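For reference, the structure is listed below as structure tokens.
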DNA sequence: CGCGTGATTGATATATCTCAATAACGGTGG
DNA sequence: CCACCGTTATTGAGATATATCAATCACGCG
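Protein chains in written order, with UniProt numbering: chain A, 1 to 240; chain B, 1 to 240.
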């Protein structure tokens with residue numbers, strides 16, 4: 001068994017310096033930006049709110065006021081269909097921004113909840129927009145982040161079968177941890193299979209079977225809410 | 001047979017006054033906004049470029065310069081997967097904006113082509129951003145449009161089976177025509193079943209069978225690249 | 001009129017879903 | 001620390017939706 005003692009939950013700094021707003025990617029790694037504008041943003045951010053599993057960040061229908069950035073843990077965005085069943089339409093991991101669906105009509109379109117305990121930052125949107133109006137660079141970053149989200153949706157729909165869906169989800173999480181200086185091959189994985197199945201559009205049992213197959217083929221291991229990618233090559237072969 | 005002589009292709013005005021940038025929805029209908037800012041936008045727009053079926057609006061990898069708004073016809077956004085097959089990840093109908101996927105990295109992520117002959121407008125992005133920097137309202141509208149696109153993706157993933165996917169697609173098109181003053185029950189439908197199947201994540205044959213069933217059940221008719229929704233209630237029942 | 005493309009339909013294969021039973025896990029209270 | 005109970009995950013057998021393969025049909029275009 002590999003070392004599992006790394007504490008992924010603990011904030012690394014007291015300000016929210018590692019969300020997409022305040023960092024940029026250089027050679028696959030996220031690094032903080034140092035600038036007057038970023039300092040301005042940080043001055044309006046409410047940092048590191050702790051949250052327990054299943055607690056709500058924002059509720060569908062509520063008045064849009066804030067964007068949020070995940071600091072640790074995992075969050076889900078739930079849409080209530082007209083038939084009344086819940087569809088998980090997005091999953092957020094550290095560094096990502098939540099709440100873009102509130103801008104359009106001034107009300108959030110989905111409900112966002114914590115999948116595991118974790119922490120997040122609050123970015124009051126209208127002050128942020130004020131800053132964006134002053135600083136060209138911030139306006140720019142904001143639009144780029146929204147563009148990135150649009151791309152993410154475009155691409156995430158391009159997988160076909162259950163195995164590919166799961167692997168590409170795990171790969172996204174892996175990439176993210178890697179980009180933030182953690183191992184790409186071992187990382188926390190706290191989402192329930194029910195939620196994940198819902199998100200991927202699969203039955204719970206189907207997802208479980210795919211997991212079993214991947215374990216049996218010695219491609220990955222799942223224990224203690226940690227995933228270990230054992231055979232990285234075979235793992236990647238599944239999706240390309 | 002109903003009247004099919006309405007010319008949906010012909011621009012109604014010489015400036016691009018009916019895209020999402022320059023209109024707002026009031027009671028399910030799109031109306032033009034009259035303001036200094038909108039006039040400023042219109043002054044930088046290149047209006048009503050004609051395009052033939054299968055011609056390209058922009059190519060994946062090309063340098064991002066412009067946003068585009070559909071004026072008439074239908075367009076598809078194609079993503080080339082690593083395995084080399086083409087996935088249609090988005091479909092655009094009149095009034096919608098194309099090109100948001102270029103903002104993030106300054107290069108378009110997908111290729112956009114005309115599904116049928118049609119026309120579109122070109123909005124140079126950097127001049128637009130300049131305007132957005134000057135006019136708070138334009139900055140606002142831009143972000144709202146991107147937010148709307150994000151919501152559209154969130155929601156479009158919540159359908160389950162083939163029939164629901166198709167019906168909800170047709171409904172989107174119907175809603176759009178309705179919002180622009182046309183009939184909600186009869187409108188052009190020029191996309192090939194191959195493209196549509198690809199977009200909906202179905203096999204071509206499956207889609208064809210669904211169409212056949214809907215025709216046999218007298219819910220809709222498809223002739224001459226026009227869809228007629230015959231039984232609007234049964235039609236809507238399928239998705240809610 | 002003929003040819004190529006796109007659409008339809010049938011027969012069969014396959015992936016995924018559903019239902020059901022069992023097993024593992026995680027938290028709680030003694 | 002252990003026993004208990006509810007939740008979550010696993011596994012099997014069978015049903016179902018969709019994919020695949022193949023043949024035919026319809027349409028638009030030169």
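No residue lacks a Cβ here, since even glycine has one placed at the ideal position from N, Cα and C. All of these numbers come straight from a predicted model, not from anything done at the bench.
Apart from the five residues on each side of it in sequence, which residues of its chain come closer than 7 Å, Cβ to Cβ, to residue i?
i: residue 230(A); result: 218, 219, 220 and 221
i: residue 141(B); result: 21
i: residue 248(A); result: This structure leaves residue 248(A) out entirely; chain A is present only between 1 and 240.
i: residue 93(B); result: 70, 74, 173 and 176
i: residue 149(A); result: 100
i: residue 4(B); result: With a pLDDT of only 37 at residue 4(B), under the threshold of 50, the placement of this residue in the model should not be trusted, and no figure is reported.
Quick one: does residue i have its CB under 8 Å from some CB of chain B?
i: residue 179(A); result: no
i: residue 144(A); result: yes
i: residue 82(A); result: yes
i: residue 240(A); result: yes
i: residue 32(A); result: no
i: residue 132(A); result: yes
i: residue 150(A); result: yes
i: residue 139(A); result: yes
i: residue 158(A); result: yes
i: residue 136(A); result: yes
i: residue 13(A); result: For residue 13(A), the pLDDT reaches just 45, beneath the cut-off of 50, and the residue's location in the model is therefore unreliable, leaving the point undetermined.
Is there a Cβ from chain A that is less than 8 Å from the Cβ of residue i?
i: residue 23(B); result: no
i: residue 153(B); result: yes
i: residue 103(B); result: yes
i: residue 79(B); result: yes
i: residue 42(B); result: no
i: residue 197(B); result: no
i: residue 233(B); result: no
i: residue 110(B); result: yes
i: residue 100(B); result: yes
i: residue 71(B); result: no
i: residue 147(B); result: yes
So, for residue i: in the same chain, excluding its five sequence neighbours on each side, which residues have a beta-carbon less than 8 Å away from its beta-carbon?
i: residue 200(B); result: 162, 165, 166, 169 and 207
i: residue 33(A); result: 22, 23 and 24
i: residue 154(A); result: none
i: residue 187(A); result: 8, 173, 174, 177, 226 and 227
i: residue 68(B); result: 57, 58, 97, 98, 99, 112, 120, 121, 122 and 123
Spatial neighbours of residue i within its chain, please: C-beta separation below 6 Å, excluding the five flanking residues on both sides.
i: residue 202(B); result: 162
i: residue 198(A); result: 88
i: residue 40(A); result: 131
i: residue 184(A); result: 174 and 178
i: residue 46(A); result: 122
Which two residues bound the contiguous alpha helix (DSSP H) that contains residue i?
i: residue 268(B); result: A question about residue 268(B) goes unanswered here, because the residues of chain B that appear run from 1 up to 240.
i: residue 196(B); result: 193-200
i: residue 136(A); result: 136-156
i: residue 166(A); result: 162-179
i: residue 117(A); result: Neither: residue 117(A) is in no alpha helix (DSSP H) and is coded neither H nor E.
i: residue 90(B); result: No alpha helix (DSSP H) contains residue 90(B), which is instead part of the beta strand (DSSP E) from 86-92.
i: residue 207(B); result: 204-216
Compare the Cα-Cα distances from residue i to each of the options and report the closest residue.
i: residue 74(B); options: 104(B), 173(B), 31(B) and 41(B); result: 173(B)
i: residue 114(A); options: 104(A), 50(A) and 135(A); result: 50(A)
i: residue 195(B); options: 66(B), 77(B), 151(B) and 65(B); result: 77(B)
i: residue 189(B); options: 45(B), 38(B), 204(B) and 116(B); result: 116(B)
i: residue 241(B); options: 238(B), 105(B), 111(B) and 107(B); result: Lying before the first or after the last residue shown, residue 241(B) is absent from chain B, which here runs from 1 to 240.
i: residue 64(A); options: 136(B), 144(B) and 129(B); result: 144(B)
i: residue 108(B); options: 83(B), 57(B), 128(B) and 137(B); result: 57(B)
i: residue 27(A); options: 181(A), 35(A) and 53(A); result: 181(A)
i: residue 128(B); options: 42(B), 239(B), 216(B) and 237(B); result: 42(B)
i: residue 156(A); options: 82(B), 29(B), 136(B) and 53(B); result: 82(B)
i: residue 35(A); options: 137(A), 205(A), 159(A) and 211(A); result: 137(A)
i: residue 95(B); options: 30(B), 125(B) and 55(B); result: 30(B)
For the beta strand (DSSP E) holding residue i, just list the boundary residues, first then last.
i: residue 187(A); result: 186-188
i: residue 76(B); result: 75-80
i: residue 182(A); result: That residue, residue 182(A), is in no beta strand (DSSP E); it is neither H nor E in DSSP.
i: residue 232(B); result: That residue, residue 232(B), is in no beta strand (DSSP E); its alpha helix (DSSP H) goes 232-237.
i: residue 72(A); result: 66-72
i: residue 35(B); result: Run containing residue 35(B): none; DSSP gives neither H nor E here.
i: residue 96(A); result: Segment: none, residue 96(A) is in no beta strand (DSSP E) and carries neither H nor E.
Against chain A: residues of the segment 86-98 of chain B by CB proximity under 9 Å: 87, 89 and 90
At a CB distance below 8 Å, what residues from the UniProt domain "HTH crp-type" (160-233) of chain B approach chain A? Give them in sequence order. 160 and 201
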